[in-house]
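In this note's numbering, the protein residues as written are 20 to 135.
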């Protein structure tokens, strides 16, 4: 069992930046890690993942603006979000998985609101 706790969400103006962090209760080295988000009235979508071997992938909606990173020594997963837009407003969740398409552990989520 792995407990995941996200932090760093908040209210930001369009064009601004936020950095989300996800702290794990135990080693994440054996897991593929990902960030998901769920906007009001929409399905949860995966926006970025970083595999055990360090390979990274982004959804088209965030590519070029968001950067995912992991620190296996500190058991943390981060998401640097730049050039935020109102459509980025959502609850952001981190996830750990042994198989990428089978998410195992979820955090409670952190709210990101992009608005003037």
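By construction, the Cβ of each residue, glycine as well, lies at the ideal position given by its N, Cα and C atoms.
Cβ-Cβ distance between residue i and residue j below 8 Å
i	j	result
residue 101	residue 42	no
residue 92	residue 39	no
residue 36	residue 103	yes
residue 105	residue 33	yes
residue 52	residue 109	no
residue 28	residue 129	yes
residue 64	residue 78	yes
Cβ-based neighbour list, residue i, same chain, cut-off 6 Å, excluding 5 preceding and 5 following
i	result
residue 99	38, 86
DSSP-derived helix/strand/coil call for residue i
i	result
residue 120	coil
residue 90	strand
residue 62	coil
Boundaries (first-last residue) of the beta strand (DSSP E) holding residue i
i	result
residue 24	23 to 26
residue 97	95 to 100
residue 130	129 to 133
residue 31	29 to 31
residue 77	75 to 77
Sequence-distant residues of its chain with Cβ nearer than 8 Å to residue i (five each side left out)
i	result
residue 84	100, 101, 102, 103
residue 21	43, 44, 45, 47, 50, 115, 123, 124
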